[in-house]
Amino acid sequence: MKNKKKWIAVAILAVILILVSIFWYYSYVTQDQVAEKNAAIIKAKQVGGLVSTTQTWKSVWDQIYWVVEGKNAQNENIMVWVPFQKMEGQPNIPAADPKGVHTELIKNGVDEQKMTAIVQQQLPNVKIVRLQPSVFNGEYVWQLFYDDGSHHNYTFYRFSDGGSTGIKYTLPNY
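Counting from 1, one number per residue, gives the positions in the sequence shown under the UniProt record's numbering.
Here it is, written out as structure tokens:
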């Protein structure tokens with residue numbers, strides 16, 4: 001009976017060690033992403049007028065941007081686009097030029113809920129995989145990644161009015 005309790009204790013200890021190891025590995029793998037996100041939030045607070053954060057997105061298209069949604073000092077909902085520089089062999093860092101940081105009141109554009117409704121109206125039979133704010137061809141946009149049943153596609157809608165940019169990329173099936 002003592003031997004059975006000993007093996008149960010060893011098994012429980014092994015499971016705990018495996019779980020702790022998985023957590024440490026996950027933390028190690030995501031540390032650069034977390035550092036980028038935190039740097040973007042700090043830059044958005046320093047330059048973009050952000051006071052509190054509600055949501056963040058990483059946008060990678062022509063350039064890397066972190067988009068931070070939150071509230072400003074007047075308690076208005078805002079979005080702040082923070083450009084990042086690619087640093088070879090190092091985590092990406094916010095671009096040095098604060099002029100690249102762009103802040104927009106959400107009420108002056110289209111929020112995520114309205115954009116989802118616009119997409120569902122214009123593309124009723126698609127599955128939205130991801131909808132996130134981004135920058136495309138120098139314009140602040142909503143980047144839509146969707147599945148139309150036969151292909152995955154990217155398309156872009158202007159943040160300012162929700163209108164389509166008219167550009168669609170269809171990914172090939174393999």
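Even glycine gets a Cβ: it sits at the ideal position worked out from N, Cα and C.
Quick one: what does DSSP say Glu112 is sitting in, helix, strand or coil?
Working through the sequence shown from its first residue, we reach residue 112 at position 112. Three-state DSSP puts Glu112 in a helix.
Segment limits, alpha helix (DSSP H) that includes Asn38
Numbered from its first residue, the sequence shown carries residue 38 at position 38. Counting along the chain, the alpha helix (DSSP H) containing Asn38 begins and ends at Lys2 to Val47.
Take the Cβ of residue 175 as the centre, count every other Cβ of all protein chains shown within 10 Å, and call the residue buried at 16 or more, exposed below.
In the structure as shown, the chain starts at 1 and stops at 174, and residue 175 therefore has no counterpart that could be examined.
Taking Cβ to Cβ, would you say Gly163 is nearer than 8 Å to Tyr157?
Residue mapping note: residue 163 aligns to position 163 of the sequence shown, counting from 1. Residue mapping note: residue 157 aligns to position 157 of the sequence shown, counting from 1. The Cβ atoms of Gly163 and Tyr157 lie closer than 8 Å to each other.
The segment 63 to 77 touching the segment 30 to 43, judged by at least three CB pairs closer than 8 Å
Contact holds: three or more Cβ-Cβ distances are below 8 Å.
On the DSSP bridge list, what partners appear for Asp147?
By 1-based counting over the sequence shown, the position of residue 147 is 147. Looking at the DSSP output, Asp147 shares a beta bridge with Lys127 and His152.
Beta strand (DSSP E) segment containing Leu105, residue limits
As a first step, residue 105 is located in the sequence shown; it is residue number 105 there, counting from the start. Leu105 -> beta strand (DSSP E) spans His102 to Leu105.
Hey, how far is the Cα of residue 189 from the Cα of Ile16?
The displayed coordinates of the chain run from 1 to 174. Any statement about residue 189 would go beyond what the structure contains.
By alpha-carbon positions, which one of Gly48, Ile106, Val20 and Gln120 ends up nearest to Phe145?
Stepping through the sequence shown from its first residue, residue 145 is reached at position 145. The option with the nearest alpha carbon to Phe145 is Gln120.
Taking the alpha-carbon positions, what's the Val10 to Ser21 distance?
Indexing the sequence shown from 1 puts residue 10 at position 10. Indexing the sequence shown from 1 puts residue 21 at position 21. Val10 and Ser21: Cα-Cα distance of roughly 16 Å.
Use the C-beta contact count for Phe23: other C-beta atoms within 10 angstroms, 16 or more gives buried, fewer gives exposed.
On the sequence shown, position 23 is the one that residue 23 refers to. Phe23 should be labelled exposed.
Assigned secondary structure, Val68 (DSSP; H/G/I helix, E/B strand, else coil)
Locating residue 68 in the sequence shown gives position 68, counting from the first residue. Assignment of Val68 by DSSP, reduced to helix, strand and coil, places it in the strand class.
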